[in-house]
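Report on one structure; see the data block that follows.
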Amino acid sequence: MATSTITFLPSRLNQAPVVFRGMTGREVALAAGTGFAMGLIPGTVAAFAFGIAMVPTCGALGAGAVVWFGGGVLRRLRRGRPETWLYRRIAWSLALRGFASRHRFITQSAIYGTRRYASMRAKRRAQPASSTQFQSTQPTQPTQKIRKGSGS
């Protein structure tokens, strides 16, 4: 009897295919757009000296350079990480710089303490030094018995 479901489904079935230099189509478009925007800056400066045709020319050269060299760098950075790593990294970088993002990230770190631990320290200090009884509170560290007649 034949089953109508697939018994083995490869994990790479729904992943985006690699298009160029280890990047997917979206990553190639992102790199090309970034390179084109970066190429517009020197293109506008060169347009005053050589003419208006330098703006798109420098933009295209910038896009090509970022796709070619950035592909190798991105391939090394992304090795062993999930396929959404680049997009999460970009969103996290934008969140660190304070730009509005629909993604919520933890961008601050701090050391938090409980009040119970601090109040237990105060209770221990308040007890007389000659006390030989166990403390009735729950300490955060293991207690040691205080032996009667010990020299220390």
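UniProt numbering numbers the first residue of the sequence shown as 1 and each following residue consecutively.
The beta carbon of each residue, even a glycine, is placed where N, CA and C say it ideally should be.
Bridge partners - residue i, DSSP secondary structure assignment
i	result
threonine 24	Val18
Exposure of residue i, with buried meaning 16 or more beta-carbon neighbours within 10 Å
i	result
phenylalanine 50	exposed
threonine 53	Reading off the sequence, residue 53 comes out as alanine, not threonine. Counting Cβ neighbours within 10 Å, alanine 53 comes out exposed, since fewer than 16 surround it.
phenylalanine 36	buried
glycine 98	exposed
glycine 62	buried
glycine 113	exposed
glycine 43	buried
glycine 80	exposed
Residue of the options minimising C-alpha distance to residue i
i	options	result
alanine 32	Arg104, Val66 and Tyr112	Val66
glutamate 83	Gln15, Ser4 and Pro10	Gln15
alanine 60	Val45, Thr44, Gly39 and Ala47	Gly39
glycine 70	Thr5, Leu13, Arg88 and Gly22	Gly22
Check whether residue i and residue j have beta carbons under 7 Å apart
i	j	result
tryptophan 85	phenylalanine 105	no
Original post:
Do the segment 20 to 28 and the segment 68 to 78 meet, that is, are 3 or more Cβ pairs less than 8 Å apart?
Top reply: yes
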